[in-house]
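J.: Heads up: the protein sequence lines correspond to chains A and B, in order.
Each residue of the first sequence is one higher than the one before, counting from 1 in the numbering used here.
Each residue of the second sequence is one higher than the one before, counting from 1001 in the numbering used here.
Just so it is clear, CB atoms sit at the ideal spot from N, CA and C, and this is done for glycine as well.
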Amino acid sequence: MKKKLERLAGPLFRPLAAKQIQRTLGATPTTIYETGPPGSDFQTDGEGHN
Amino acid sequence: MADGDGGRGVDANGSRGAGERFFDLLSADGQRLAPVAYRFLHSQPAGEGGPARLATSRHYRARGYVCFAFHKPISKCLAGPEASPGDDTGGEEAERRAGEEKAAAPAISPRAPGAAAFALFACCVPVRGARRSVICDLQRQSLHFIPNGLYEILTEHRGKTTAAVKEHYAHEADEEIDEYFDFLLREELGFWCDDPESFPDLDLSWDPPERITNAILDVDAGSAHDYPAILRQLDDLGCKALEARFFHACRLGDLTALLAAAEGGRLRSIELLAGWGEELVPPALEGLAAAYQRLSGIVVHSAPPWRQHRWTVERLGTAMEYVTERIDSPRCCGKIHPGQLVVNLETFAEARQFNSCLNRKVAIDARGEIRNCPSLPRSFGNVREVSLHSALAHRDFPALWAINKDQIAVCKDCELRYVCTDCRAYLSEGAGLYSKPATCTYDPYTATWNPPAAAAAAGSAKGDTP
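As structure tokens, then:
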């Protein structure tokens, strides 16, 4: 007799609630990205044209 | 790449979704690699049109300075949200959220194409627990709880075709197995392929060059730390992240004295835990964040209730928070709750081999005593008399670093063992050095989070600070 496989709909397999997993301190690496036009030295993007 | 729909986003009716259009843009080699590349290029689950953005978007460019927050909590002083029995799995809110996400996701047929096998993306690592298992998505920093039966399929039956898996279960669980693969595809945790051996596991070895990766510096009203000297020594050790815990009511000058001393140093992240003082108003904190950009977070404790607030300085990515909790000594540390779980490659790889809290950590308490952790009783000398180098050279200093979660009672049966940070200072009563942290409220044998008070009553503090 094989083991019965549980259905994923069971309460044990729900994701954690948002209020439970809020981070206390900045534990996630945060990179600041430039969202404006890049500087002139980045304009070519290595693609061989201006 | 299989001939079927593997990862292409073709819905159950056979219509072409964003994924299919994306595949049309790729070369034959690109199509073969796309399931992997597609997964790695997307940091968030893709909705309609998401994959197509890959082919058209330019990479964003870093500003030149990369703000950095350490990859795990350095200390655990803040309590989590109140948990109640039965609330462990998120309840109706999480169920509704999951339902909405499921509805929003493109439909994907669970049917396996031909003789293909299912492969998890390398960044999705299953971990077995006593009652349930979890897939740790180390790229998207998320957890997916799964039945232990699915864990077995993904590990013991890895590389087998769906037919072979169903055959193993004597066709008594065909519906469940289809549901499992539907779930894995919908959550973008893996893909169908003909050659699963072509997709090796991630190398999860952990061996960074720094002798110390993180440090705690405790400060109270009676402290007389020589910040430049301490920070210089941390720089020499390669320390990347510092958490400074000010237990007393702070003035702005107390914080700037430390931050100014770190200017020009090698620290990439400084987290501050400071006692509420009248000067620590939001504009002042944001001013600190702007002036000292390696500041990754500030938590002001003992704040009046009307001050409770949490926000992020968008331009800088600095996390700010006022909490009413009183954090006035190292005894406030060691709190383990779901809010402390961290899912990322660094933490995961480190926790598999080493102690997830103490490894490569040095702590200096408010009196200047050098310890593994301010809550542990043993001192390796005072920083005014002994260098951090000398303390680290002591034979016993790294002794606790090697106690990983697979060696700790109860924790070794927990599916969350590689995404939580351990505590060796406050242990379950009457147990040895290898016992479960006293403040952990999770029971892996029932997969429930118990009320914090019950867990606290069951444990006692091993460590104390004079």
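#1: Does the beta-carbon of isoleucine 1108 of chain B have 16 or more other beta-carbons within 10 angstroms, so that it is buried, or is it exposed?
#2: Does DSSP put isoleucine 1146 of chain B in a helix, in a strand, or in coil?
#3: State yes or no: is the C-beta of leucine 1237 of chain B within less than 8 Å of the C-beta of arginine 1211 of chain B?
#4: Does the region 1359–1371 of chain B come close enough to the region 1217–1236 of chain B to have 3 or more Cβ pairs within less than 8 Å?
#5: If the cut is a Cβ gap below 8 Å, which residues of chain A does leucine 1143 of chain B touch?
#6: In three-state terms, what does DSSP make of phenylalanine 1118 of chain B?
#7: At the level of alpha carbons, what is the spacing between tyrosine 1060 of chain B and arginine 1315 of chain B?
#8: Kindly list, in the order they appear in chain A, the residues whose Cβ is closer than 8 Å to that of serine 1132 of chain B.
#9: Fully enclosed by the region 1133–1179 of chain B, which beta strand (DSSP E) runs are 3 residues long or longer?
#10: Is the region 1284–1297 of chain B touching the region 1368–1376 of chain B, taking contact as three or more C-beta pairs under 8 Å?
#11: Any beta carbon of chain A sitting closer than 8 Å to that of glycine 1149 of chain B?
#12: Please list the terminal residues of the continuous beta strand (DSSP E) segment that includes histidine 1389 of chain B.
#13: Shorter than 8 Å from the beta carbon of proline 1338 of chain B to some beta carbon of chain A?
#14: With H, G and I counted as helix, E and B as strand and the rest as coil, what does DSSP make of glycine 1297 of chain B?
#15: Give the range of the beta strand (DSSP E) segment to which proline 1126 of chain B is assigned.
#16: Quick one: which residues of the region 1151–1174 of chain B get their C-beta closer than 8 Å to a C-beta of chain A? List them in chain order.
#17: Starting from the beta carbon of alanine 1447 of chain B, find every residue of chain A whose beta carbon is closer than 7 Å, and list them in chain order.
#18: Put serine 1193 of chain B into one of helix, strand or coil per three-state DSSP.
#19: Rounded to the nearest angstrom, what separates lysine 1240 of chain B and cysteine 1357 of chain B at their Cα positions?
#20: For alanine 1261 of chain B, which residues in the same chain have their Cβ closer than 6 Å to its Cβ, ignoring the five residues on either side in sequence?
#21: Measure from the alpha carbon of leucine 8 of chain A to the alpha carbon of each residue in B:Val1125, B:Ala1116 and B:Gly1149, then state which is nearest.
#22: For a minimum of 3 consecutive residues, which ranges assigned as the beta strand (DSSP E) are wholly contained in the region 1258–1300 of chain B?
#23: Would you report the Cα separation of phenylalanine 13 of chain A and serine 1198 of chain B, rounded to the nearest angstrom?
#24: What does DSSP give as the partner residues of asparagine 1382 of chain B in its beta bridges?
#25: Is the shortest distance between the beta-carbon of glutamate 1176 of chain B and the beta-carbons of chain A less than 8 Å?
#26: Are any of the Cβ atoms in chain A nearer than 8 Å to that of phenylalanine 1183 of chain B?
#27: Quick one: does tyrosine 1292 of chain B have its CB under 8 Å from some CB of chain A?
#28: In whole angstroms, what is the alpha-carbon distance linking alanine 1303 of chain B and isoleucine 1074 of chain B?
#29: What span of residues does the alpha helix (DSSP H) with tyrosine 1227 of chain B cover, start to end?
#30: Report the rounded CA-to-CA distance for glutamate 1243 of chain B versus histidine 1168 of chain B, giving the unit in angstroms.
#31: Given a threshold of 16 other Cβ atoms within 10 Å of its Cβ, counted over all protein chains shown, does alanine 1170 of chain B qualify as buried or as exposed?
#32: So that I know if they touch, is there some Cβ in chain A lying closer than 8 Å to that of tyrosine 1180 of chain B?
#33: Using a Cβ-Cβ cutoff of 7 Å, what residues of the region 1212–1226 of chain B are near chain A? List them in chain order.
#34: Classify aspartate 1137 of chain B: buried if its beta carbon has 16 or more other beta carbons within 10 angstroms, exposed otherwise.
#35: Can you pull the chain A neighbours of isoleucine 1146 of chain B, defined as C-beta to C-beta under 8 Å?
#36: Determine the burial state of lysine 4 of chain A: buried for a count of at least 16 other Cβ atoms within 10 Å of its Cβ, exposed for fewer.
T.: Quick answer:
#1: Summary for isoleucine 1108 of chain B: the model assigns pLDDT 45, below 50, so the residue's position carries little reliability, and this model does not support an answer.
#2: strand
#3: yes
#4: yes
#5: Pro15 and Leu16
#6: strand
#7: With a pLDDT of only 34 at tyrosine 1060 of chain B, under the threshold of 50, the placement of this residue in the model should not be trusted; the figure read from the coordinates follows. Spanning the two alpha carbons is a distance of roughly 15 Å.
#8: Residue 1132 of chain B is actually arginine in this sequence, not serine. Residues of chain A passing the Cβ test: Leu12 and Phe13.
#9: 1133–1137 and 1142–1146
#10: no
#11: yes
#12: Here histidine 1389 of chain B belongs to no beta strand (DSSP E); instead the alpha helix (DSSP H) covers 1388–1393.
#13: yes
#14: strand
#15: 1124–1128
#16: His1168, Tyr1169, Ala1170, Glu1172 and Ala1173
#17: Leu12
#18: In the sequence as displayed, the identity of residue 1193 of chain B is cysteine instead of serine. Cysteine 1193 of chain B falls in the strand class under three-state DSSP.
#19: 15 Å
#20: Tyr1227, Pro1228 and Leu1231
#21: B:Gly1149
#22: 1269–1275
#23: 30 Å
#24: B:Glu1369
#25: yes
#26: yes
#27: no
#28: 22 Å
#29: 1227–1236
#30: 52 Å
#31: exposed
#32: yes
#33: none
#34: buried
#35: Leu8 and Phe13
#36: exposed
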